Every structure is written in structure tokens, then in C-alpha cells.
Amino acid sequence: DTEVTQTPKHLVMGMTNKKSLKCEQHMGHRAMYWYKQKAKKPPELMFVYSYEKLSINESVPSRFSPECPNSSLLNLHLHALQPEDSALYLCASSQTGADTQYFGPGTRLTVL
Amino acid sequence: GESVGLHLPTLSVQEGDNSIINCAYSNSASDYFIWYKQESGKGPQFIIDIRSNMDKRQGQRVTVLLNKTVKHLSLQIAATQPGDSAVYFCAEKVLGGYNKLIFGAGTRLAVHP
Chain A
1 DTEVTQTPKH LVMGMTNKKS LKCEQHMGHR AMYWYKQKAK KPPELMFVYS YEKLSINESV
61 PSRFSPECPN SSLLNLHLHA LQPEDSALYL CASSQTGADT QYFGPGTRLT VL
Chain B
1 GESVGLHLPT LSVQEGDNSI INCAYSNSAS DYFIWYKQES GKGPQFIIDI RSNMDKRQGQ
61 RVTVLLNKTV KHLSLQIAAT QPGDSAVYFC AEKVLGGYNK LIFGAGTRLA VHP
């Protein structure tokens, strides 16, 4: 298994909703990442987990809350989002924090 | 500040021609560079990487060239095919930090029959 999977593929939510994005990999990678990508822009790093511990938070608003339940799973909990948070949310993983990152297909999020 | 940029935002080529996508970087301390391909509606896909102790690396139909003197990176695609149409991002790994990739702005490659 050499892929990163993400669910759901698409998500539409209101500004008062609470939802979660999920990411999974079975490559034995110990570093996992959340990125946000707006249309026609490169991915922007949000969070990095290493060995299930949060190691980088790129000054992301608290309405985004990451969680790493185990070495294969990464969640992003969403609450009280704004329309400008609409974007493609990408998960990535790497063997360790120093290795090549491999990306999932992303979740297309629309906030109404 | 640190930045990775691309010279051409859009590149149009004929099927069968060779494509060259360029990237400039400004941090001379960077030691690792990656090219990703992103098709519409998909996540970035790893294509090829190169470390700063190399000038050239070849893969299947792709070659990455690194010129540290002028801080320039290029991706060459041989015999470009319609399936190569995508946005290509170069990414730079910052020395000393965690595995934080700095992405370039991206170049759209359009392959015409």
C-alpha cells in the first residue's frame, strides 16, 4: 500500500457546523501533514505531526483542530469556519520528518 | 525572504515535443528539491527529487537539473504526452527546520495534439 487516502472527497458545511476531515496511510510513515490549497495557488502548510505529536502549527486559527489518534490516522476537526476557509485540504505523509512527502487526493471543502 | 518561484506560469507544447519547466530559488542553504505534478482535482504527485550534492538526476522521461550557482532548478519532460498536462510545482526543503517544504507558484503545462 503506497497511498494516502482522504475522506470525504467533497464537503459542504455551514458556518455553524462541526465536521471532520480524515486522512489515513498504511506505509508506516511517522510524519503526517495538513495543507490548505486555494485555487491556482501552491499548498500551504498548516500542521505537522511527528510520531503522533504535533510539532508544527503554522499559526492556524483555532477553528481548525488537528488530531493524530495513531500513527496511521490524522484528523482535522472543523468548527465555526468562514467562507474564506473554502479550499482543497491536503494530507501528506513521510517516512520521517526529513523524508519526501506523499500527498493524498484532498478534500474539497466549501463553507457557505 | 526565502522564496521559490517559477519563470513561466503557463507553458504550451505540442505532443511529442520536449518540455522544460523552470524554477528559481533564493535560499542557498536549501539542500533538497522536489518536483510535484498536480492534475485537476487531485493531490500533488511526487515526480522526482534531487539533493544539492547533485547537478542532474534522471527518471522515466523526466530529468531534473540543479544549478546551484544561479539557484535554478528545471524539470525536463521528454516526448511530452497529453497525460503530462497538469500544474507542476517545485518545492524546496529548508535546512535546519523541520520538513517544511516551500512551494513555488506553479507552472501549468498544456499539451496540444
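Listed in order, the protein sequences are those of chains A and B. Note that my numbering has the first sequence beginning at 1, numbered continuously upward. Note that my numbering has the second sequence beginning at 1, numbered continuously upward. For every residue, glycine included, the Cβ atom is placed at its ideal position computed from N, Cα and C. Please read all numbers here as calculations on a predicted model, not as lab measurements.
Alpha carbon to alpha carbon, what distance is there between Cys-23(B) and His-7(B)?
Caution is warranted here: a pLDDT of 48 is assigned to His-7(B), below 50, making its placement in the model unreliable, and no coordinate value can be reported.
Return the residues of the stretch 13-26 of chain A that lie within a Cβ-Cβ distance of less than 9 Å from chain B, sorted by chain order.
For the stretch 13-26 of chain A, which is checked against every Cβ of chain B, not one residue is closer than 9 Å.
Step through the CB atoms of chain A and report whether any lies within less than 9 Å of the CB of Gly-106(B).
Yes, Gly-106(B) counts as interfacial toward chain A.
Quick one: which chain A residues come within Cβ less than 7 Å of Gly-43(B)?
Result: Leu-90, Phe-103, Gly-104, Pro-105, Gly-106.
Could you tell me whether any Cβ in chain B is nearer than 9 Å to the Cβ of Pro-42(A)?
Yes, its Cβ sits closer than 9 Å to a Cβ of chain B.
Excluding the 5 residues preceding and the 5 following Lys-56(B) in the sequence, name in chain order all residues of the same chain whose CB lies nearer than 6 Å to its CB.
Cβ within range, chain order: Leu-65.
Going by beta-carbon coordinates alone, are Thr-63(B) and Val-111(B) separated by less than 9 Å?
No, the Cβ-Cβ distance between Thr-63(B) and Val-111(B) is not below 9 Å.
Taking DSSP as the reference, what is the three-state secondary structure of Asp-55(B)?
The answer is coil: DSSP assigns Asp-55(B) none of H, G, I, E or B.
Whose CA, out of Gly-59(B), Asp-84(B), Ser-52(B), Leu-101(B), lies closest to the CA of Val-13(B)?
Here the closest residue by C-alpha is Asp-84(B).
Rounded to the nearest angstrom, what separates Thr-100(A) and Ser-94(A) at their Cα positions?
Using only the alpha carbons, I get a separation of about 6 Å.
At which residues does the beta strand (DSSP E) containing Glu-24(A) begin and terminate?
Segment 18-25, the beta strand (DSSP E) holding Glu-24(A).
Kindly give me the distance between the Cβ atoms of Ser-18(A) and His-79(A), rounded to whole angstroms, as I take these residues to be in contact under 8 Å.
A small fix is needed here, since residue 18(A) is Lys in this sequence, not Ser. Contact holds; Cβ gap of about 5 Å.
Which ranges does the beta strand (DSSP E) cover as unbroken runs of at least 3 residues, wholly within the stretch 63-87 of chain A, from first to last along the chain?
The stretch 63-87 of chain A contains these whole beta strand (DSSP E) runs: 64-70, 73-79.
What's the gap between the Cα of Glu-153(A) and the Cα of Leu-21(A)?
Residue 153(A) falls outside the range modelled here, since chain A spans only 1 to 112, and no answer is possible.
Output, in chain order, the set of chain A residues within a Cβ distance shorter than 7 Å of Asp-31(B).
Here the premise fails: no neighbours, minimum Cβ distance about 11 Å.
Between which two residues does the beta strand (DSSP E) holding Thr-7(A) run?
4-7 is the extent of the beta strand (DSSP E) around Thr-7(A).
Please list, in chain order, all residues of the same chain as Asp-85(A) whose beta carbon is under 6 Å from its beta carbon, the five residues on each side excluded.
Hits under 6 Å: Val-111.
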